[in-house]
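Reviewing the structure listed below.
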Amino acid sequence: AQSVTQPDIHITVSEGASLELRCNYSYGATPYLFWYVQSPGQGLQLLLKYFSGDTLVQGIKGFEAEFKRSQSSFNLRKPSVHWSDAAEYLCAVLTTSGTYKYIFGTGTRLKVLA
Amino acid sequence: DTAVSQTPKYLVTQMGNDKSIKCEQNLGHDTMYWYKQDSKKFLKIMFSYNNKELIINETVPNRFSPKSPDKAHLNLHINSLELGDSAVYFCASSQIYRDGNSPLHFGNGTRLTVT
Chain D
302 AQSVTQPDIH
312 ITVSEGASLE
322 LRCNYSYGAT
332 PYLFWYVQSP
342 GQGLQLLLKY
352 FSGDTLVQGI
362 KGFEAEFKRS
372 QSSFNLRKPS
382 VHWSDAAEYL
392 CAVLTTSGTY
402 KYIFGTGTRL
412 KVLA
Chain B
2 DTAVSQTPKY
12 LVTQMGNDKS
22 IKCEQNLGHD
32 TMYWYKQDSK
42 KFLKIMFSYN
52 NKELIINETV
62 PNRFSPKSPD
72 KAHLNLHINS
82 LELGDSAVYF
92 CASSQIYRDG
102 NSPLHFGNGT
112 RLTVT
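First to last, the protein sequences are chains D and B. Take the position in the first sequence, starting the count at 1, then add 301; the result is the number in our numbering. Take the position in the second sequence, starting the count at 1, then add 1; the result is the number in our numbering.
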């Protein structure tokens, strides 16, 4: 069955430090992958997406993600974290075999220390 | 202009009541969704409509009934509310392209509290 795993429930980093959030997916066909950010009390905002081409994709707010087919991963990175990046980050895969369906991981809560 | 708007933002009600949440999108998308987010932030799909046709119904109790009068609107009606229905409900829309470039656009959520 298709699934998305985000192994880290919580991550704490200091402001200015680098960040990597992990995402692994289970899907037999070509995956279409997304990262969303959810600030407290807010909806979900798309950070970036991968659907073809270059496996390193750039997103908003200085985020990037790298698709690695061999590892079934789509990890999110940022070289220098800002306090405003504290939020919930959700990885998602769009499955296209049969009904189109977006499947989300359980999310990673990022805390940023001043 | 808000792309996906849902109302109300907060809904507090008692067990046994019936309530509705409304959603509208002005993006011209052909597919709309309802997701439920529990207290642990897990986002689970409930329903999906494509051009007013139900295409996904993920083992949601019959007390939940979506209605799509047109492809820009997808409302959610809940009968006989239970404590376990307390959650944040997100409406979303997308335009499905075969190349996969089809991100979801979310509303800001409706926080439902059943007492």
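Yeah, the Cβ is synthetic: ideal placement off N, Cα and C, and Gly gets one too.
query, result
"Using a beta-carbon distance cut-off of less than 7 Å, what residues from the region 336–349 of chain D approach chain B?", "Q343, G344, L345, L347"
"For R370 of chain D, which three-state DSSP category applies?", "helix"
"Between F65 of chain B and chain D, is there a C-beta pair that is closer than 8 Å?", "no"
"Once you ignore the five residues that flank S1 of chain B on each side, which residues in its own chain have a CB closer than 6 Å to its CB?", "Because chain B here runs from 2 to 116, residue 1 of chain B falls outside it and cannot be looked at."
"Note down, in chain order, each residue of its chain lying with its Cβ closer than 8 Å to the Cβ of E59 of chain B, except the 5 sequence neighbours on either side.", "K45, I46, M47, F48"
"Are A366 of chain D and R378 of chain D touching if we call contact CB-CB under 8 Å?", "yes"
"Between which two residues does the beta strand (DSSP E) containing C24 of chain B stretch?", "20–26"
"Using DSSP with H/G/I as helix, E/B as strand and the rest coil, what is L84 of chain B?", "helix"
"Label S94 of chain B either buried or exposed according to how many other C-beta atoms from any shown protein chain fall within 10 Å of its C-beta, with 16 as the threshold for buried.", "buried"
"Sort D:V358, D:F352, D:E389 by Cα distance to Q339 of chain D and report the nearest one.", "D:E389"
"Is DSSP giving I361 of chain D helix, strand or coil here?", "helix"
"Could you name the residues of chain D that N102 of chain B contacts, counting a contact when the two beta carbons are closer than 9 Å?", "Y333, K350, F352, S353"
"Please list the terminal residues of the continuous beta strand (DSSP E) segment that includes L1 of chain B.", "As displayed, chain B neither begins before 2 nor continues past 116, which places residue 1 of chain B out of reach and without an answer."
"Name the residues in the region 382–400 of chain D whose C-beta lies less than 9 Å from a C-beta of chain B; which are they?", "E389, L391, A393, L395, T397, T400"
"Could you tell me the alpha carbon to alpha carbon distance between K369 of chain D and I310 of chain D, rounded to whole angstroms?", "21 Å"
"Pick helix, strand or coil for D100 of chain B, following the three-state DSSP scheme.", "coil"
"Please state whether DSSP places S319 of chain D in a helix, a strand or coil.", "coil"
"Assign Y90 of chain B to one of two classes, buried (16 or more other C-beta atoms within 10 Å of its C-beta) or exposed (fewer than that).", "buried"
"Please go through the same chain and pick out, in chain order, the residues whose beta-carbon is closer than 8 Å to the beta-carbon of S327 of chain D, but skip the five residues on each side of it.", "A302, Q303, S304, V305, T306, S373"
"Tell me where the beta strand (DSSP E) around N58 of chain B begins and ends.", "54–58"
"Would you kindly check if the distance between the Cβ of N109 of chain B and the Cβ of G406 of chain D is under 8 Å?", "no"
"Of all the options B:N102, B:Y98, B:H106, which has the alpha carbon lying nearest to the alpha carbon of Q7 of chain B?", "B:H106"
"Roughly how many angstroms lie between the CA atoms of K20 of chain B and Y333 of chain D, to the nearest whole one?", "35 Å"
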